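Here is the structure we will look at.
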Amino acid sequence: MTTADRSDTNWDRNPILTVENLTMRFGGLVAIDNLSFNVGRGDITALIGPNGAGKTTVFNCVTGFYKPTEGRIVMRHGPGHQDEGVAAVTASSNKWGQTAEGAVYLLERMPDVEISQKAKVARTFQNIRLFSGMTALENLLVAQHNTLMVASSYTVGGLLGLPGYRRAHAEAIDKAAYWLERVDLIDRADDPAGDLPYGAQRRLEIARAMCTQPHLLCLDEPAAGLNPRESSALNDLIQYIRADHGVSVLLIEHDMGVVMEISDHIVVLDYGVKISDGDAQFVRTDPRVIAAYLGVDDEEIEEKPEIASLVVEALGEEAATEAGIAADGAPPPEAIAAQADSAAGLADAKAHPGTRPAGLDGAREGGPDRLTRINGIGPVNEKKLNGLGIWHFDQIGAWKKKEVEWVGSYLSFPGRIEREDWVGQAKVLARAAGKAKTTRKGKQGGGQ
Numbered sequence: 001m002t003t004a005d006r007s008d009t010n011w012d013r014n015p016i017l018t019v020e021n022l023t024m025r026f027g028g029l030v031a032i033d034n035l036s037f038n039v040g041r042g043d044i045t046a047l048i049g050p051n052g053a054g055k056t057t058v059f060n061c062v063t064g065f066y067k068p069t070e071g072r073i074v075m076r077h078g079p080g081h082q083d084e085g086v087a088a089v090t091a092s093s094n095k096w097g098q099t100a101e102g103a104v105y106l107l108e109r110m111p112d113v114e115i116s117q118k119a120k121v122a123r124t125f126q127n128i129r130l131f132s133g134m135t136a137l138e139n140l141l142v143a144q145h146n147t148l149m150v151a152s153s154y155t156v157g158g159l160l161g162l163p164g165y166r167r168a169h170a171e172a173i174d175k176a177a178y179w180l181e182r183v184d185l186i187d188r189a190d191d192p193a194g195d196l197p198y199g200a201q202r203r204l205e206i207a208r209a210m211c212t213q214p215h216l217l218c219l220d221e222p223a224a225g226l227n228p229r230e231s232s233a234l235n236d237l238i239q240y241i242r243a244d245h246g247v248s249v250l251l252i253e254h255d256m257g258v259v260m261e262i263s264d265h266i267v268v269l270d271y272g273v274k275i276s277d278g279d280a281q282f283v284r285t286d287p288r289v290i291a292a293y294l295g296v297d298d299e300e301i302e303e304k305p306e307i308a309s310l311v312v313e314a315l316g317e318e319a320a321t322e323a324g325i326a327a328d329g330a331p332p333p334e335a336i337a338a339q340a341d342s343a344a345g346l347a348d349a350k351a352h353p354g355t356r357p358a359g360l361d362g363a364r365e366g367g368p369d370r371l372t373r374i375n376g377i378g379p380v381n382e383k384k385l386n387g388l389g390i391w392h393f394d395q396i397g398a399w400k401k402k403e404v405e406w407v408g409s410y411l412s413f414p415g416r417i418e419r420e421d422w423v424g425q426a427k428v429l430a431r432a433a434g435k436a437k438t439t440r441k442g443k444q445g446g447g448q
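In terms of full-length UniProt numbering, the sequence shown opens at residue 1 and continues consecutively.
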């Protein structure tokens with residue numbers, strides 16, 4: 001594991017969350033192995049890594065959905081480490097305790113409802129979990145349930161319409177309206193959440209989490225399925241939440257454009273183990289991170305020019321040079337695809353079970369889709385798919401079971417395509433691309 005020089009980093013000096021020696025086992029499977037890291041107060045911290053690295057498992061432990069097998073998870077209200085308070089609560093059987101600076105909470109001892117209500121940790125989910133039949137406004141009012149229940153004296157005050165409840169209800173509506181405006185959904189306040197576009201639902205889920213007034217906001221792949229414009233708007237929203245509301249952010253994200261642009265601190269996992277920890281510049285040029293994302297060993301980057309070429313393409317020449325990686329004399333992408341075909345025995349389609357999917361001779365007008373937007377497809381496998389004539393999301397979205405089986409064998413990923421739902425992801429991305437194309441044509445037609 002590589003770690004940047006952190007002698008004066010905010011996340012070590014003033015952590016709001018500390019994960020210490022976290023281990024999570026499911027029977028004989030070790031999903032998280034002795035993981036430790038800090039989340040700085042006021043920082044945007046990204047937890048990244050290839051699919052299956054254990055990122056969501058960490059989130060589930062932090063937010064109380066899983067109880068870790070071993071380890072300690074400390075949440076702090078108030079500045080500094082508060083070491084004496086942490087030690088006192090740890091030595092007792094208590095879940096939390098007051099300190100001179102504020103309070104400390106041992107999240108591994110707390111049920112999920114108390115982690116949200118008392119420790120003030122909120123989260124969104126990889127798969128959107130809105131109340132689709134409720135309106136956008138009602139979804140944000142539900143997030144304020146605890147406050148409204150207390151104000152209603154647990155239904156009595158609400159039934160009688162007592163002044164305290166009416167005041168709390170009006171404040172809850174004001175807060176919901178504020179966040180609907182911030183996520184540009186105030187005009188859709190009375191529309192069912194399930195009728196909103198995908199990107200709008202993502203923003204609504206973040207707004208719902210913010211209505212709980214969290215100190216730490218955990219976002220699980222908030223940019224998944226978003227187009228570049230929506231990703232840029234998401235960046236602005238996350239930075240606004242941090243800057244204007246003082247909320248620390250811990251996010252899981254596969255969109256490296258989002259991660260590198262907004263993150264103060266990045267922690268990288270691979271197979272449940274931390275392999276890198278530092279700021280964006282340190283992590284993006286760390287050979288261990290590059291190797292993990294490409295699915296190759298460190299030595300392969302040095303020994304194989306075709307792999308080095310992909311690293312340079314992914315990072316850019318300047319960053320690759322900083323990482324000590326050069327691709328002088330490396331073959332062009334077309335040659336790389338040809339080498340991948342040869343190595344996999346593509347000439348003999350019968351070597352793989354299932355049915356080889358139909359391919360195109362080249363990308364359609366407008367150029368190929370960026371297949372790496374599908375979670376699970378990295379630069380190497382994108383080139384291999386291009387070698388099969390797979391250039392666009394709708395091609396992957398049309399795969400049947402036999403074709404998925406063949407491609408899984410060809411990429412040496414048996415079962416992985418199904419687990420990561422490449423086909424479903426591709427269908428969503430293809431629809432988004434189609435709508436964007438239709439909008440562009442409409443604007444062009446209107447301007448003639």
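Cβ atoms here follow ideal geometry from the backbone N, Cα and C, with glycine treated the same way.
These figures come from a predicted structure and were not determined experimentally.
Burial state of Ala223 is buried, judged by a 10 Å Cβ sphere holding 16 or more other Cβ atoms. By the 16-neighbour rule on beta-carbons within 10 angstroms, Ala209 is buried. Exclusion of the five residues before and after Thr56 leaves Gln126, Asp220, Ile252 as the residues of its chain whose Cβ lies within less than 7 Å of its Cβ. DSSP lists Tyr105 as the bridge partner or partners of Trp96.
Ser152: not part of any alpha helix (DSSP H); DSSP gives it neither H nor E.
Take the alpha-carbon of His81 and the one of Asp191: they are about 45 Å apart. Shown here for Ile128: same chain residues with a beta carbon closer than 7 Å to its own, the five before and five after excluded, namely Gln201, Arg202, Glu205 in chain order. Taking Thr45 as the centre and dropping the five residues before and after it, the same chain places the C-beta of Val39, Leu250, His265 closer than 6 Å to its C-beta, in chain order.
Note on Arg76: 16 or more other CB atoms within 10 angstroms of its CB, so buried under the neighbour-count rule.
Exclusion of the five residues before and after Ala168 leaves Thr147, Leu148, Ala151 as the residues of its chain whose Cβ lies within less than 7 Å of its Cβ. Taking Asp33 as the centre and dropping the five residues before and after it, the same chain places the C-beta of Thr23, Gly272, Val273 closer than 7 Å to its C-beta, in chain order.
In this chain, the beta strand (DSSP E) harbouring Asn34 covers 29-40. Leu29 and Arg373 have their C-alpha atoms roughly 28 Å apart. Put simply, the backbone Cα of Asp255 is about 15 Å away from that of Ala53.
In the structure shown, the three-state DSSP call for Gly71 is strand. Annotation for His215: Lys120 place their beta carbon closer than 6 Å to its own, counting only its chain and skipping 5 residues before and after. By the neighbour-count criterion, in which a residue is buried when 16 or more other Cβ atoms sit within 10 angstroms of its Cβ, Gln98 is exposed. Under the three-state reduction of DSSP, Lys274 is assigned to strand. Secondary structure within the region 226-271: the alpha helix (DSSP H) runs of 4 or more consecutive residues, fully enclosed, are 228-245, 256-262 (chain order). Cβ-Cβ separation between Gly49 and Ser132: approximately 31 Å, too far for a contact (criterion under 8 Å). For Ile396, the enclosing alpha helix (DSSP H) covers residues 393-397. Under the three-state reduction of DSSP output, Ile374 falls in the coil class, being neither helix nor strand. Inter-residue distance for Ala88 and Ala103 is about 12 Å (C-alpha atoms, whole angstroms). Short of 6 Å from the beta carbon of Glu70, and not among the five residues preceding or following it, lie these beta carbons of its own chain, in chain order: Thr23. In the DSSP assignment, Ala46 is bridged to Leu251, Ile266.
Under DSSP, His77 takes part in a beta bridge, and its partners are Ala103. Closest option to Trp11, judged by alpha-carbon separation, among Ser36, Ala292, Pro414, Phe26: Ser36.
Inclusion of Leu140 and Leu180 in the CB contact set at 8 Å is warranted, their separation being smaller than that value. When DSSP states are grouped into helix, strand and coil, Val183 belongs to the coil group.
Rounded to whole angstroms, the separation of the alpha carbons of Ala432 and Asn227 is 7 Å. Where Asp220 is concerned, there is no enclosing alpha helix (DSSP H), although the beta strand (DSSP E) around it starts and stops at 216-220.
Residue state for Pro379 is assigned as helix, using DSSP reduced to three classes. Counting the other Cβ atoms within 10 Å of the Cβ of Ser231 gives 16 or more, which makes it buried.
Note on Val156: under 16 other CB atoms within 10 angstroms of its CB, so exposed under the neighbour-count rule.
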